[in-house]
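Asks: Position 299 of the first sequence, counting from 1, maps to 378 under the working numbering, and the rest follow consecutively.
For each residue, glycine too, the CB sits at the ideal point set by N, CA and C.
Every value quoted in this text rests on a predicted model; they were computed, and no experiment measured them.
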Amino acid sequence: MSEIELPSKPSEKKSAHGIFDDLLKNTVIFQNKEVLRPNYTPDNLPHRDKQIQSLASILVPAIRGDTPSNILIYGKTGTGKTAVVKFVGQELEDKSASHGIACYVLYVNCEIVDTQYRLLATLAKHIGKEVPMTGWPTDQVFEEFKKTVDKEKRVVIIIMDEIDKLVRKGDDVLYNLSRINGDLENARISLIGISNDLKFTEFLDPRVKSSLGEEEIIFPPYDANQIHDILEQRAGLAFKSNMLDETVIRLCAAFAAQEHGDARRALDLLRVSGEIAERSKSPVVEEKHVRVAQEKIENDRVVEVVRTLPTQSKLILLSVLLLSKIRNNNVSTGEAYTIYKQMCHDIGSDILTQRRITDLISELDMLGIINAMVVSKGRYGRTKEISLSVPMSDTKGVLMEDYRLKPLENYQPDPLIIQSRLM
DNA sequence: CCTCCACCGGAACGTGAGGAGT
DNA sequence: ACTCCTCACGTTCCGGTGGAGG
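#1: By alpha-carbon positions, which one of Asn407, Glu377, Leu401, Arg406 ends up nearest to Tyr419?
#2: What did DSSP end up calling Leu263 once you bin it into helix, strand or coil?
#3: With C-beta atoms as the reference, is Cys331 less than 8 Å away from Leu245?
#4: Tell me Phe298's beta-bridge partners as DSSP assigns them.
#5: Would you mind giving the Cβ-Cβ distance between Arg344 and Ala335, rounded to the nearest angstrom? I have them listed as a contact below 8 Å.
#6: Going by DSSP in three states, Val453 sits in which element: helix, strand or coil?
#7: Name the DSSP bridge partner or partners of Cys182?
#8: Using 10 angstroms around the beta-carbon of Asp425, count the other beta-carbons present and answer buried if the total reaches 16, otherwise exposed.
#9: Give the straight-line distance between the Cα atoms of Gln337 and Pro300, rounded to the nearest whole angstrom.
#10: Please return the same chain residues whose Cβ sits closer than 7 Å to the Cβ of Val192, not counting the five positions on each side in sequence.
#11: Expressed to the nearest angstrom, what Euclidean distance is found between the alpha-carbon atoms of Ser466 and Val381?
#12: Our contact map puts Lys367 next to Ile108 with C-beta atoms below 8 Å; I'd like the distance itself, whole angstroms only.
#13: Which residue marks the beginning of the alpha helix (DSSP H) containing Leu467, and which one marks its end?
#14: What number of angstroms, rounded off, separates the C-alpha of Leu130 from the C-alpha of Tyr119?
#15: Would you call the segment 371-379 in contact with the segment 134-144, where contact means no fewer than 3 C-beta pairs closer than 8 Å?
#16: Is Thr390 near Asp481, with beta carbons less than 8 Å apart?
#17: Val107 by DSSP, collapsed to three states: which one?
#18: Quick one, which of Leu443, Ile440, Asp145 has its alpha-carbon nearest Ile236's?
#19: Out of His126, Ser257, Ala181, Val228, which has the shortest C-alpha to C-alpha gap to Asn149?
#20: What number of angstroms, rounded off, separates the C-alpha of Ser352 from the C-alpha of Ser359?
#21: Secondary structure at Val246, three-state DSSP: helix, strand or coil?
#22: Under 8 Å, do Tyr161 and Asp240 count as touching if we go by C-beta distance?
#23: Provide the residue span of the alpha helix (DSSP H) that contains Val220, from first to last.
#24: Between which two residues does the alpha helix (DSSP H) holding His126 run?
#25: Based on Cα-Cα distance, which residue from Val234, Val252, Leu151 lies nearest to Leu263?
#26: Out of Val220, His126, Ser175, state which residue places its alpha-carbon closest to the alpha-carbon of Thr194.
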């Protein structure tokens, strides 16, 4: 609502003048905030026993020095895929070490390492072979990688997180990697792919698909109770004791469960709630802080979405915004389009056809920035009624950050155009 | 019951950017 | 350097439609 400040990064070091000292004293709520960050791997994963179990049973041959099957793991964001895989991977490395077997688990996030070349280069680096980040032909990097792994007798398990991001740019690497064992004397390689897109294998070469998906594990979304348990467990580590109001966790869980059971979201919410409580110098985290946090997270999301919209979409959004300002909500496509055309003309931008605009409006609708509903006004035709579903002034502010829209800062829709029809 | 408004939304096609292959 | 292909983005064309008003 009102006083939402920017999150100030808590500084670790004490300054000579003590300007931070006072602020540091305020960190009475958190004990270890890191526990709430998405990349933290807890050593206890509630409600994932089944997945841990099946993953472990597929990987157990590695400890005997055999090659485990390749695995594909599916599940939406925040269902614990990465945490489970990292957790089991760690256990596996430890266990095999104590059995005197060389077993390595390599983790690669394909969203960051997003080309075939970089994937291979990263893998090579992991096993101790430096490869220039650019310059070599891709197949040479592959050969180099192969040679290096094969120097030792060992089992290498390659985890590829967000593998769908990589597949979009070709599946050759996967094809090569999945057949690499045929060429290796000593080492064995098995692959684990993690995807949050259930249908991504449709784009895969059938051969890759069958070899990569020898085993499949699915991570269903958490329900509200399960999220509640997870939060409870993490909160115990993250906060000092008795810092949470009774209802806080329950509320966080409820909000996150609405968002298709995303635990990451829930943890974020809890963390932001804590930060807000801390900044408002509240002794405990209360329900109201969660509500403010929820609003802030949602607001951040909208700001980000609006900011990155293409110019044309911004123009339409602006036109809807201005119209709904002067009349009390309820804008029709035709009106929005007329204003849009004028504004385009004013700033010398191209004017798209109305057909295209309907699509853009639908897109904005999907993004949850506006609300569009087809209604029939009988004799007066059939149209989409559009209303804003985000705060007006904030949105305008974000739109005006775009220099191309700047000239429209004080634009007033021509009243002549708007004098159309009652209701 | 029919008409006819004002737009919806599907289909097919055009265009230019960017990648892969050669 | 060249073609070929794919993809995102737009356009043109057009049949379709819920319901107020006649």
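Replies: So, from the data block:
#1: What you label residue 419 is simply residue 340 of the first sequence in a count that begins at 1. Closest option to Tyr419, Cα to Cα, is Leu401.
#2: Looking up residue 263 in the first sequence gives position 184. DSSP places Leu263 outside both helix and strand once states are collapsed to three, so it counts as coil.
#3: For the purposes of this step, residue 331 is taken as residue 252 along the first sequence, with counting starting at 1. For the purposes of this step, residue 245 is taken as residue 166 along the first sequence, with counting starting at 1. No, the Cβ-Cβ distance between Cys331 and Leu245 is not below 8 Å.
#4: On the first sequence, position 219 is the one that residue 298 refers to. Answer is Gly154, bridged to Phe298.
#5: Mapped onto the first sequence, residue 344 falls at position 265. Mapped onto the first sequence, residue 335 falls at position 256. That pair is a contact at about 5 Å.
#6: Position 374 of the first sequence, counted from the start, is the residue given in the question as residue 453. If DSSP states are grouped into helix, strand and coil, Val453 belongs with the strands.
#7: Counting from 1 along the first sequence, the entry for residue 182 is found at position 103. For Cys182, which the question treats as bridged, DSSP gives the partners Val234.
#8: As a working mapping, residue 425 is identified with position 346 in the first sequence. That one is exposed.
#9: Counting from one through the first sequence, the residue named residue 337 turns up at place 258. Counting from one through the first sequence, the residue named residue 300 turns up at place 221. Straight-line Cα distance between these residues: approximately 11 Å.
#10: The residue labelled residue 192 in the question sits at position 113 within the first sequence. Leu198, Thr201.
#11: Here residue 466 corresponds to residue number 387 of the first sequence, with the count starting at 1. Here residue 381 corresponds to residue number 302 of the first sequence, with the count starting at 1. Answer to the nearest angstrom: the Cα atoms are 16 Å apart.
#12: Within the first sequence, residue 367 is the residue found at index 288, counting from 1. Within the first sequence, residue 108 is the residue found at index 29, counting from 1. Actually they are not in contact, since the Cβ atoms of Lys367 and Ile108 sit about 15 Å apart, beyond 8 Å.
#13: Within the first sequence, numbered from 1, the residue matching residue 467 stands at position 388. Looking at the DSSP string, Leu467 is not in any alpha helix (DSSP H); the run it does join, the beta strand (DSSP E), is 461-467.
#14: Within the first sequence, numbered from 1, the residue matching residue 130 stands at position 51. Within the first sequence, numbered from 1, the residue matching residue 119 stands at position 40. One detail in the question is off: residue 130 reads as Gln in this sequence, not Leu. Taking the straight line from one Cα to the other gives about 19 Å.
#15: no
#16: Here residue 390 refers to the residue found at position 311 when the first sequence is read from its first residue. Here residue 481 refers to the residue found at position 402 when the first sequence is read from its first residue. Yes; because the gap between Cβ atoms is below 8 Å, this pair is in contact.
#17: The sequence position of residue 107 within the first sequence is 28, counting from 1. The answer is coil: DSSP assigns Val107 none of H, G, I, E or B.
#18: Stepping through the first sequence from its first residue, residue 236 is reached at position 157. Answer by Cα proximity: Asp145.
#19: Counted from its first residue, the first sequence places residue 149 at position 70. Comparing Cα-Cα distances from Asn149 to each of His126, Ser257, Ala181, Val228, the minimum goes to Ser257.
#20: Residue 352 sits at position 273 when you count from the first residue of the first sequence. Residue 359 sits at position 280 when you count from the first residue of the first sequence. Distance between the alpha carbons of Ser352 and Ser359 is about 11 Å.
#21: Counted from its first residue, the first sequence places residue 246 at position 167. Reduced to three states, the DSSP call for Val246 is helix.
#22: Along the first sequence, read from residue 1 onward, the residue named residue 161 stands at position 82. Along the first sequence, read from residue 1 onward, the residue named residue 240 stands at position 161. The residue you asked about is not Tyr; residue 161 is Thr in the sequence shown. Result yes, Cβ atoms of Thr161 and Asp240 sit closer than 8 Å.
#23: Numbered from its first residue, the first sequence carries residue 220 at position 141. Per DSSP, Val220 belongs to the alpha helix (DSSP H) from 217-228.
#24: Along the first sequence, one-based indexing puts residue 126 at 47. In the DSSP assignment, His126 falls outside any alpha helix (DSSP H), carrying neither H nor E.
#25: For the purposes of this step, residue 263 is taken as the residue at position 184 of the first sequence. Ranking the options by Cα distance to Leu263, first place goes to Val234.
#26: Looking up residue 194 in the first sequence gives position 115. Looking at the Cα atoms, Val220 is the closest of the given residues.
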